[in-house]
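*Asks:* Heads up, the sequence shown is in my numbering, so the first residue is 6 and it goes up one at a time.
Virtual Cβ for every residue (Gly too), placed ideally from N, Cα, C.
Take a look at this one; I'll ask things after.
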Amino acid sequence: MSRTNFQELLDAGVHFGHLARKWNPKMAPYIFDQKNGIHIIDLHKTIGKIDEAAEEMKQLAKSGRKILFVATKKQAKDLVKEKATAVNMPSVTERWAGGMLTNFPTIRKAVKKMSTIDKMKEDGTFDKLAKRERLQVDRQRAKLEKNLGSIRDMSRLPSALFVIDVQKEANAVKEANRLNIPVFAMVDTCCDPTPIDYVIPANDDATKSIECVMNILCAAIQEGLDERKLEKDKEAVEEPEAEEAAAKPAAARKLRARKSAAPAEEKAEEKVEPKAEEPAEAPAE
């Protein structure tokens with residue numbers, strides 16, 4: 006069963022591509038027609054690609070992996086941050102820092118710097134600094150929070166990337182390709198789909214179009230998270246039952262061992278029991 010329908014995508018304007026003169030010929034398989042100098046995306050193919058991407062994202066979430074959402078364009082960043090946070094996924098919506106994936110240890114150090122500043126504020130060290138130093142530290146903390154705050158809990162490289170506008174986020178796509186991290190992306194008619202593993206042909210400029218696709222994908226991720234939680238709860242219930250079941254045969258074996266040992270002990274006691282002494286003969290007169 007499809008996760009979306011033709012009318013839903015049509016109403017959101019997902020089918021509007023870029024100007025025909027700005028198209029990328031590699032997107033030809035996903036283009037339905039041209040109208041008033043604008044390419045029209047084939048929504049039947051978009052539906053198939055959304056379903057494929059959603060199922061894969063669901064499996065990633067179910068296995069406990071993280072998907073990094075990347076969207077720094079004005080009309081997408083707030084929406085993407087909100088949707089990604091709702092499903093407990095990291096996001097980059099302000100600026101893609103060069104080496105965020107390929108130089109991940111350095112990025113982690115910057116994130117730890119935020120934690121260090123927070124600890125300084127908690128233990129009172131921050132208050133002992135001069136006023137000018139406090140202002141500098143506050144500015145540094147605010148800058149780190151803005152650029153890296155959303156990946157604060159990402160302790161390892163993500164298992165996949167979801168990108169909106171592959172031209173604008175070209176550096177993110179290149180880094181993911183270099184590290185063999187799968188890339189999901191909304192790809193417009195002016196973009197090159199070659200570096201993308203899961204192409205979703207769609208309008209990547211309109212907020213409604215972005216929201217429509219994001220809703221479907223985030224719903225799939227939530228399904229995966231819910232299924233993971235159910236499995237964990239089931240395992241937590243089954244574990245004590247399995248231990249109890251395993252304990253019963255062990256107890257039965259011990260009982261049988263004790264019963265079989267009892268007669269043997271009785272026989273051993275009988276053997277050890279000393280013979281009664283015969284009365285001494287009376288001396289002859």
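Roughly how many angstroms separate the alpha carbons of E243 and L162, rounded to a whole number?
*Replies:* Within the sequence shown, numbered from 1, the residue matching residue 243 stands at position 238. Within the sequence shown, numbered from 1, the residue matching residue 162 stands at position 157. Near 33 Å, if we compare the C-alpha coordinates of L162 and E243.
*Asks:* Measuring alpha carbon to alpha carbon, tell me which of Y203, E228, N208 and D209 ends up nearest G53.
*Replies:* One-based indexing of the sequence shown puts residue 53 at position 48. Ranking Y203, E228, N208 and D209 by Cα distance to G53 puts Y203 first.
*Asks:* Give the list of continuous alpha helix (DSSP H) stretches no shorter than 4 residues that lie fully inside the segment 133-205.
*Replies:* 136-153 and 175-183
*Asks:* Skipping 5 residues on each side, what residues in its chain have a beta carbon closer than 7 Å to that of E290?
*Replies:* Counting from 1 along the sequence shown, the entry for residue 290 is found at position 285. With a pLDDT of only 42 at E290, under the threshold of 50, the placement of this residue in the model should not be trusted; the figure read from the coordinates follows. Here the set comprises nothing.
*Asks:* Whose C-beta lies closer than 7 Å to the C-beta of T9 among residues of the same chain, with five residues either side of it excluded?
*Replies:* Walking along the sequence shown from the start, residue 9 turns up at place 4. Contacts found: I52, I55 and I221.
*Asks:* According to DSSP, is S68 helix, strand or coil?
*Replies:* Position 63 of the sequence shown, counted from the first residue, corresponds to residue 68. Collapsing the DSSP output to three states places S68 in coil.
*Asks:* Take G42 and list the residues in its own chain whose beta-carbon comes closer than 8 Å to its own, dropping the five residues that flank it on each side.
*Replies:* Here residue 42 refers to the residue found at position 37 of the sequence shown. Beyond the five residues adjoining it in sequence on each side, G42 comes within less than 8 Å, by CB distance, of L24, A25 and R26 in the same chain, given in chain order.
*Asks:* So, is the C-beta of Y35 closer than 9 Å to a C-beta in chain C?
*Replies:* Absent from the structure: chain C. Only one protein chain is present.
*Asks:* Looking at G18: is its Cβ nearer than 9 Å to the Cβ of K213?
*Replies:* As a working mapping, residue 18 is identified with position 13 in the sequence shown. As a working mapping, residue 213 is identified with position 208 in the sequence shown. Contact: yes.
*Asks:* Please say whether A177 and Q80 have beta carbons closer to each other than 9 Å?
*Replies:* Within the sequence shown, residue 80 is the residue found at index 75, counting from 1. Within the sequence shown, residue 177 is the residue found at index 172, counting from 1. No, the pair does not count as a contact, with Cβ atoms beyond the cut-off.
*Asks:* Could you check if S160 is buried or exposed, using at least 16 other CB atoms within 10 Å of its CB as the buried criterion?
*Replies:* Walking along the sequence shown from the start, residue 160 turns up at place 155. It counts as exposed.
*Asks:* For V75, which beta-bridge partners are listed by DSSP?
*Replies:* Position 70 of the sequence shown, counted from the start, is the residue given in the question as residue 75. According to DSSP, which records beta bridges pairwise, V75 is partnered with V97 and V168.
*Asks:* Kindly list the residues whose CB is nearer than 7 Å to the CB of E150, restricted to its own chain and excluding five residues on each side of it in sequence; keep chain order.
*Replies:* Position 145 of the sequence shown, counted from the start, is the residue given in the question as residue 150. Excluding positions up to five away in sequence, the list reads M119.
*Asks:* Over what stretch of residues does the alpha helix (DSSP H) that includes F109 continue unbroken?
*Replies:* Taking the sequence shown and counting its residues from 1, the one referred to as residue 109 is at position 104. Segment F109 to D128, the alpha helix (DSSP H) holding F109.
*Asks:* Once the 5 residues before and after V116 are set aside, which same chain residues still bring their CB inside 6 Å of it?
*Replies:* For the purposes of this step, residue 116 is taken as the residue at position 111 of the sequence shown. Same-chain partners within the cutoff: L153 and R157.
*Asks:* CB-CB under 6 Å to H20, same chain, minus the five flanking residues each way: which ones, in chain order?
*Replies:* Residue 20 sits at position 15 when you count from the first residue of the sequence shown. Here the set comprises I45, I46 and L48.
*Asks:* When burial is assigned at 16 or more other CB atoms within 10 Å of the CB, is S68 buried or exposed?
*Replies:* Here residue 68 is taken as the residue at index 63 of the sequence shown, counted from 1. When all chains shown are included, S68 counts as exposed.
*Asks:* Check whether the Cβ atoms of A76 and I215 lie closer than 9 Å to each other.
*Replies:* The residue labelled residue 76 in the question sits at position 71 within the sequence shown. The residue labelled residue 215 in the question sits at position 210 within the sequence shown. Cβ distance < 9 Å, so A76 and I215 count as in contact.
*Asks:* Measuring CA to CA, which of K136, T98 and I36 is closest to L84?
*Replies:* For the purposes of this step, residue 84 is identified with residue 79 of the sequence shown, where counting begins at 1. It is T98.
*Asks:* Note down, in chain order, each residue of its chain lying with its Cβ closer than 7 Å to the Cβ of K86, except the 5 sequence neighbours on either side.
*Replies:* Reading the sequence shown from its first residue, position 81 is the one you call residue 86. S96, T98 and S155.
*Asks:* Can you find the residues in the same chain that come closer than 6 Å, C-beta to C-beta, to A89, ignoring five residues on each side of it along the sequence?
*Replies:* Mapped onto the sequence shown, residue 89 falls at position 84. Taken in chain order, the residues that qualify are F74 and S96.
*Asks:* With 16 other CB atoms within 10 Å as the buried threshold, where does N208 fall?
*Replies:* By 1-based counting over the sequence shown, the position of residue 208 is 203. So N208 counts as buried.
*Asks:* So, at 8 Å on beta carbons, what are the nonlocal neighbours of V142 in its own chain, with the 5 sequence-adjacent residues on each side left out?
*Replies:* Position 137 of the sequence shown holds residue 142. So the qualifying residues of the chain are I122, M125, F131 and L134.
*Asks:* According to the Cβ coordinates, are P187 and L166 closer than 9 Å?
*Replies:* In the sequence shown, counting from the first residue as 1, residue 187 sits at position 182. In the sequence shown, counting from the first residue as 1, residue 166 sits at position 161. In contact: P187 and L166 (Cβ atoms closer than 9 Å).
*Asks:* For the beta strand (DSSP E) holding F37, just list the boundary residues, first then last.
*Replies:* In the sequence shown, residue 37 corresponds to position 32, counting from 1. Start and end: I36 to K40.
*Asks:* Go to F11, then tell me how far its alpha helix (DSSP H) extends in each direction, as first and last residue.
*Replies:* Here residue 11 corresponds to residue number 6 of the sequence shown, with the count starting at 1. Start and end: F11 to D16.
*Asks:* Within its chain, find whatever has a CB closer than 6 Å to the CB of E180; leave out the 5 residues flanking it on each side and keep chain order.
*Replies:* Translated into positions along the sequence shown, residue 180 becomes position 175. In its chain, beyond the 5 residues on either side, L106 and T107 have a beta carbon closer than 6 Å to the beta carbon of E180.
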